[in-house]
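Protein chains in written order, with the working numbering: chain A, 1 to 294; chain B, 295 to 686. By construction, the Cβ of each residue, glycine as well, lies at the ideal position given by its N, Cα and C atoms. Keep in mind the model is a prediction, meaning the values are calculated, not measured. As structure tokens, the structure follows; a few thoughts come after it.
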């Protein structure tokens, strides 16, 4: 039984192929525009979670440059080529993400909330709260002991406090997104930045630059702003350990540390948090096959 | 084929103007569900609820406070642009802060020549009703009865007619019939499988705020007979919907919920069941009977805290009403769509959410509305996730 999950986000498309019989195959792929991710550490075992019968065969991420329909098809074709599988080998495909409805070849769609929760619970069966910080959407989900979503909250209409916010600020400070977290960790203090409007925050950052503040301290302020917005969601839903951080922005070490400080405890994070949604979708596909719910 | 009810949803202004032209009658606009429209009906006036639209503001931006909700702004903008020029009067009650100020704003932005007799103003074009801040207590009914008597006098002077007790009692009978019929509709909505969609039920109620109530009653009787015999059912996750200003703009949410696999079976949306859950008890003084009924209308604006000395300060009256609305409908989730700056709804929400979760063990979804179709579309993802979550 081979299933696939495809997560069509606002900035990237993530694909995960799962099998319940094949041994985990780690692979790293690169494409013309996007980064691909190694699988080391993605298995439940590596995440200190009990292993189960599912194994990830491959994952792929493409930066979304085309429409979801074309991009998802390209991503799927590439992962099939990489793994030597054909479309007919995939028994069931579930699409998730904001562009999920554009994936014509998926048998079913599932929202980001359920997919991220499913993926996070697979990786960390002790997960009770999941915080997904995506490119333009942040969501907090509360899980029960079986991994079912009990409740969730989402960010409101503004993208302040999301991955896109961080990206805009990184561009402004002329640092790469990957550097943001690390640089912020070296800050001696924090230059406060407003967390409620991306445009106003941009003006504040420019003002800090003009005053000669260091990049590190400004970045620390930016990260603090994102963390505060995300933490509000956690507070709204009620924090229950273990808290899992998912979504691409979770890779930011500075953000994770800021959230841990606010939450007063450790936040668990998969090595490649950006594929948690796609993984969850592939797992939902597998669940559906097992339960006969198509 | 467009039904009579749908006609009012698609173009309410044209439908009301058509009535006015045909009958040469008077039309008064009003805000909120606490206004005693039955007095206007008794006077032979067509009372129509004032609603907004999705049009961009053209006239009101310089007048409204920044924390004003978009619904109020939209209603006023339509007035200022002349869309509501067919109204012969406007009734503004003291409900939320913004609506209460509508008396001033409407006079300012929709000016009319005063109707005078010997230099005295007969009846202002915009009539204000001082709906009491506290709706319970020993003197409230006396106070509000006097307010409504004054309101009645203003209407009588403005139209140069007398509204007799007999006319009031006849109007009360028509309204009570409406409440009974709407309650019959509610009973049908309790059925599982559901014979009528949430959107269709909303449409029926919405039309009743725009057309003569006796005509609405006749149409509703026919529709109830037809719905009761329906074999085709309306599937979907049974949901409770609460929120502010569910006119033809926010009603798009009913469709979005249905498109996501849900179905609204009960609601608290500032008209609908808040309006018809009790009848007007006939009394020797019909105005007093109307005042009593009007004070009992369950509006979140009238949320009451306990008296001094109580161990809790939560709005128990609103919770009791919410409980009544959910019980018996087999609801599996509750959705609150609260418009930005609607403090009446926002203040009571945490208390109602906690009680719903505790008492009914169902999840509650909160969404911020901004009275735009784009804003409603953005809610689609959350609604879909909510329904998926309940469905497992």
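Examine chain B for any beta-carbon lying closer than 7 Å to the beta-carbon of residue 115 of chain A, and answer yes or no.
Interface with chain B (7 Å Cβ-Cβ cutoff): residue 115 of chain A is excluded.
Run through DSSP, which three-state label would residue 622 of chain B get?
coil
Among the candidates B:348, B:656 and B:503, whose CA atom is the shortest distance from the CA of residue 667 of chain B?
For the residues B:348, B:656 and B:503, the minimum Cα distance to residue 667 of chain B belongs to B:348.
Anticipated Cβ contact below 8 Å, residue 563 of chain B with residue 535 of chain B, distance rounded
7 Å
Residue 367 of chain B, buried or exposed, once every other Cβ within 10 Å from all chains shown has been counted against 16:
buried
Cα-Cα separation between residue 5 of chain A and residue 478 of chain B, rounded to whole angstroms
47 Å
Would you say the segment 386-397 of chain B touches the segment 320-331 of chain B, given that touching needs at least three Cβ pairs under 8 Å?
yes
CA-CA distance, residue 110 of chain A and residue 342 of chain B?
43 Å
Taking residue 275 of chain A as the reference, which of A:136, A:19, A:116 and A:89 has the closest Cα?
A:116
Closer than 7 Å, CB to CB, is residue 538 of chain B near chain A or not?
Taking Cβ atoms only, chain A never reaches closer than 7 Å to residue 538 of chain B, which makes this a no.
If we define contact as Cβ-Cβ less than 7 Å, is residue 156 of chain A a contact residue for chain B?
yes
For chain B, find out if any of its Cβ atoms is closer than 7 Å to the Cβ of residue 149 of chain A; answer yes or no.
yes
Quick one: using the 10 Å Cβ neighbour count with 16 as the cut-off for buried, is residue 398 of chain B buried or exposed?
Burial is judged here by how many other beta carbons sit within 10 angstroms of a residue's own beta carbon; residue 398 of chain B has fewer than 16 and is exposed.
Measuring only between beta-carbons, confirm whether residue 679 of chain B sits less than 7 Å from chain A.
yes
From residue 486 of chain B to residue 297 of chain B, what distance separates their C-alpha atoms?
Spanning the two alpha carbons is a distance of roughly 25 Å.
Tell me which residues of the segment 117-136 of chain A have at least one Cβ-Cβ distance to chain B shorter than 7 Å, keeping chain order.
none
Would you tell me roughly how many angstroms separate the C-alpha atoms of residue 191 of chain A and residue 224 of chain A, rounded to the nearest one?
9 Å
Alpha carbon of residue 49 of chain A to alpha carbon of residue 123 of chain A, nearest angstrom
A caution first: residue 49 of chain A carries a pLDDT of 37, below 50, which makes its placement in the model too unreliable to give a value.
Could you tell me which chain A residues have their CB closer than 8 Å to the CB of residue 686 of chain B, listed as they occur along the chain?
Chain A residues near residue 686 of chain B: 148.
Beta-carbon separation (whole angstroms), residue 135 of chain A vs residue 164 of chain A, contact threshold 8 Å
5 Å
Under 7 Å between C-beta atoms, does residue 552 of chain B make it to chain A?
no
Stretch-stretch touch, CB-based, cutoff 8 Å, three pairs: the segment 678-686 of chain B with the segment 541-556 of chain B:
yes
Does any residue of chain A bring its CB to less than 7 Å from the CB of residue 657 of chain B?
yes
Which same chain residues end up closer than 6 Å to residue 132 of chain A when comparing Cβ atoms and leaving out the 5 residues on each side of it in sequence?
116, 139, 246 and 247
Residue 244 of chain A beta carbon less than 7 Å from that of residue 153 of chain A
no
Below-7 Å beta-carbon distance, residue 676 of chain B vs any chain A residue
yes
Can you tell me where the alpha helix (DSSP H) with residue 631 of chain B in it begins and where it stops?
No alpha helix (DSSP H) contains residue 631 of chain B, which is instead part of the beta strand (DSSP E) from 627-633.
Should residue 111 of chain A be flagged as near chain B, meaning a C-beta pair shorter than 7 Å?
yes
Report the three-state DSSP secondary structure of residue 351 of chain B (helix, strand or coil).
Looking at residue 351 of chain B - three-state DSSP - the assignment turns out to be coil, as it is neither helix nor strand.
Chain B within 7 Å of residue 286 of chain A, Cβ atoms only
Output row for residue 286 of chain A: interface = no.
Per-residue DSSP class, three states only, for residue 644 of chain B:
helix
Run of the beta strand (DSSP E) containing residue 536 of chain B, from where it starts to where it stops
531-537 is the span of the beta strand (DSSP E), which, as asked, contains residue 536 of chain B.
Tell me, which residues are paired with residue 663 of chain B by DSSP?
For residue 663 of chain B, which the question treats as bridged, DSSP gives the partners B:633.
Of all the residues that make up the segment 456-486 of chain B, which are near chain A by a beta-carbon distance shorter than 9 Å?
Near chain A, meaning a CB-to-CB distance below 9 Å, no residue of the segment 456-486 of chain B qualifies.
Does the Cβ of residue 359 of chain B have 16 or more other Cβ atoms within 10 Å, making it buried, or fewer, making it exposed?
exposed
Under the three-state reduction of DSSP, which class applies to residue 70 of chain A: helix, strand or coil?
helix
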